[in-house]
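Written below as structure tokens is the structure these notes are about.
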Amino acid sequence: MAYCLTVSTGLDTHVGTEVCEHRGVEVQDCGQTQDVEKLEGRSADLVLSPSTQEILNTHREDILVASGACDRAEIYSWQENAWYEVSEMNESHVGASSFVYNDRLYVVGGVFTETIEMLDLNELPLKWTEYPDGFPYEIGGNPTVVYQQRVITVGGFIDDEDKNCNAISELQLASPCTMKQLCPMPQPRIWHAVEAFDDKVLILGGANGDHNYDVLDGVLEFDPEKNECKELPSLPYPVEEMATVRWRDQVVVLGGCDKDDEALNDVFMYDSKTGENTVLPSMLEKRRGCCAVVTRNTIVVMGGVNDAHGYLDSVEYFTMGGSTWKYLPSMKKERWQAVAIVLPSTRKYVQV
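In our numbering, the protein residues as written are 1 to 352.
Shown next, in the form of structure tokens:
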């Protein structure tokens, strides 16, 4: 099936400049002190990386991670430098989409489930509840974003129909939930990434999952006002199952799986305005199906899977302007295709 994880033997052993030549982009040896490239015509305006202790002492939003082949959720506290389990979910979700809407975290569907679970971020202690109506059908691998109070979901694998989806749709949280199709993509996509900007939504990579399972390097720009799609410059290589975060005008692409079914530790930025790619230092571990958040100027990546270690509970972070990734404490559970958000700084979610 299109959503099944295939773990192949033999890890990609490219390191330093070899990794980057293999991917078709240039970068210095990642073991050396490295300045992030400045994009042509504008400064990246980065600062030097502080120490780990300075990172922990700096006020940052705590992180919640949930599901990912399990029904558990946990919070990372920067102040305590530790993970704490919170309310158990009603069921496990793999490849679910998620979004925050009206101060509620929604975890929608996933492989073999239509269930929508909610977490009211204003109610303590946190407790998962099921949305009265499930998703219109079982679907996974369909990332979702909120664009100007509209919930936009893209592609995915529809279990009920055993097919991949090429639709960009708006999820309407009424009773029952409905899907309003806005625009078709040129081809179906699963395990891709989606990020919303002020005037557009970018759709990056993934796989078409049709008769020939092709991993994609294509990027689409969706205009929610006109309900139109257009192609943008490609990614430097085909990739699926990657994590992404938005940082300023950039999409930071982290890890994933290449066309040879190899997990990656590569990291690069894709400029939403120019389509240019800027290489960042590689992660410490190869990760496919990982999740990520950005808090202030720090990116945190959690979980995933690779050939060497299987399912991962490890966590690492990178401060923009720095030269290396560093570990944070591991999660309590191994997670693949989990969801993660930063929590509002106005509430204290961990009581020690």
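Where a beta carbon is used, it is the ideal one built from N, C-alpha and C, also for glycine.
In the DSSP annotation of this structure, the continuous segment of the beta strand (DSSP E) that includes Trp247 starts and ends at 243-247. Burial state of Glu195 is buried, judged by a 10 Å Cβ sphere holding 16 or more other Cβ atoms. Looking at the DSSP output, Lys163 bridges to Ile158.
When Cβ pairs closer than 8 angstroms are counted between the two stretches, the region 259-267 is seen to touch the region 281-296, the count reaching three or more. It is roughly 32 angstroms from the alpha-carbon of Asn277 to the alpha-carbon of Val111. A straight-line Cα-Cα distance of about 20 angstroms links Thr298 and Arg347. The region 221-297 is shown to contain whole beta strand (DSSP E) runs of 3 or more residues at 228-232, 243-247, 250-254, 267-271, 277-280, 291-295, in chain order. Here Glu130 is not near Thr144, since their CB atoms are 8 angstroms or more apart. Assignment of beta strand (DSSP E) within the region 132-216, counting only whole runs of 3 or more residues, yields 144-147, 150-154, 167-172, 178-184, 193-196, 201-204 in chain order. Judged by pairs of C-beta atoms under 8 angstroms, the region 132-151 touches the region 96-109, as three or more such pairs exist. Ala207 is not a Cβ neighbour of Pro184, given a cutoff of 8 angstroms. Taken atom to atom, the span from the alpha-carbon of Phe318 to that of Gly304 is near 17 angstroms. In terms of Cα proximity to Arg104, the closest of Trp78, Leu173, Asp71 is Leu173. For the options Val339, Arg287, Lys332, the alpha carbon positioned closest to that of Gly310 is the one of Arg287. If you draw a straight line from the Cα of Ile158 to the Cα of Cys165, it comes to about 7 angstroms.
Judged by beta-carbon spacing, Ser272 lies within the 8 angstroms limit of Phe197, meaning their Cβ atoms are closer than that value. With a threshold of 16 other beta carbon atoms within 10 Å, Gln250 meets it and is buried.
Restricting attention to Pro329, Asp260, Met179, the CA atom closest to the CA of Tyr213 is found in Asp260.
Under the DSSP assignment, Arg104 falls in the beta strand (DSSP E) whose first and last residues are 104-108.
DSSP places Lys326 inside the beta strand (DSSP E), whose first and last residues are 326-328. Ranked by Cα distance from Trp78, the first of Glu61, Met89, Asn90, Val65 is Glu61. Annotated as distal: Pro233 and Val215, with beta-carbon spacing of 8 angstroms or more.
The C-beta of Val339 has 16 or more other C-beta atoms within 10 Å across all chains shown, which makes the residue buried.
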